[in-house]
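Engineer:
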Amino acid sequence: MERAKGIIVKDADLSKEIQSVRKLGYARTCGSVVPGLAAVSVPVFDSQNSLAATMSVLARSQDKTYFSEAKIARIMEAARLASEAIGWPGST
Numbered sequence: 001m002e003r004a005k006g007i008i009v010k011d012a013d014l015s016k017e018i019q020s021v022r023k024l025g026y027a028r029t030c031g032s033v034v035p036g037l038a039a040v041s042v043p044v045f046d047s048q049n050s051l052a053a054t055m056s057v058l059a060r061s062q063d064k065t066y067f068s069e070a071k072i073a074r075i076m077e078a079a080r081l082a083s084e085a086i087g088w089p090g091s092t
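All letters in the sequence shown, in the order written, are residues 1 to 92 by UniProt numbering.
1. Nearest CA to the CA of residue 114: which residue from Thr-29, Ser-56, Ala-79, Gln-62?
2. Measuring straight from C-alpha to C-alpha, what distance separates Ala-52 and Glu-84?
3. Buried or exposed, going by whether 16 or more other CB atoms sit within 10 Å of the CB of Pro-35?
4. Spatial neighbours of Ala-59 within its chain, please: CB distance less than 6 Å, with the 5 preceding and 5 following residues excluded, ordered by chain position.
5. Here's the rule: buried if 16 or more other CB atoms are within 10 angstroms of the residue's CB, otherwise exposed. What is Val-33?
6. What residue range is occupied by the uninterrupted beta strand (DSSP E) comprising Val-57?
7. Please work out which residues of its chain come closer than 7 Å, Cβ to Cβ, to Pro-43, disregarding the five sequence neighbours upstream and downstream, and give them in chain order.
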């Protein structure tokens with residue numbers, strides 16, 4: 001999406017970010033995409049283990065402690081439950 005809007009992202013940086021997201025299971029940003037806005041996004045998978053949607057929670061980027069480990073865990077749990085509700089068989 002950022003590339004489509006003309007934001008330049010180096011391939012190496014994008015690869016690192018993708019690798020991190022896959023390892024952590026979520027992506028987050030703090031004011032870099034939209035000034036003043038922080039977000040955590042988690043995947044929702046379908047019955048074919050394909051990405052069906054994402055769930056995101058937004059906060060003001062000034063609130064540095066909003067996305068604690070406990071809150072991220074709750075967001076990830078909600079996405080896991082949503083995935084299972086649409087037939088996701090679980091991680092393989």
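Positions of the beta carbon are idealized from the N, C-alpha and C atoms, including for glycine. Remember, predicted model here, so these are calculated numbers, not experimental data.
Structural biologist: Inspection of the coordinates gives the following:
1. The first residue shown for the chain is 1 and the last is 92, placing residue 114 beyond what the model contains.
2. For the purposes of this step, residue 52 is taken as residue 52 along the sequence shown, with counting starting at 1. For the purposes of this step, residue 84 is taken as residue 84 along the sequence shown, with counting starting at 1. Rounded to whole angstroms, Ala-52 to Glu-84 spans 12 Å at the Cα level.
3. Residue mapping note: residue 35 aligns to position 35 of the sequence shown, counting from 1. Exposed.
4. Numbered from 1 along the sequence shown, position 59 holds the residue referred to as residue 59. Excluding sequence neighbours, Ala-59 sits near Ala-38, Tyr-66.
5. Counting from 1 along the sequence shown, the entry for residue 33 is found at position 33. So Val-33 counts as exposed.
6. In the sequence shown, the residue the question calls residue 57 occupies position 57. Looking at the DSSP string, the run of the beta strand (DSSP E) that includes Val-57 is 51-60.
7. For this step, residue 43 is matched to residue 43 along the sequence shown. Around Pro-43: Leu-51, Thr-54, Ala-79.
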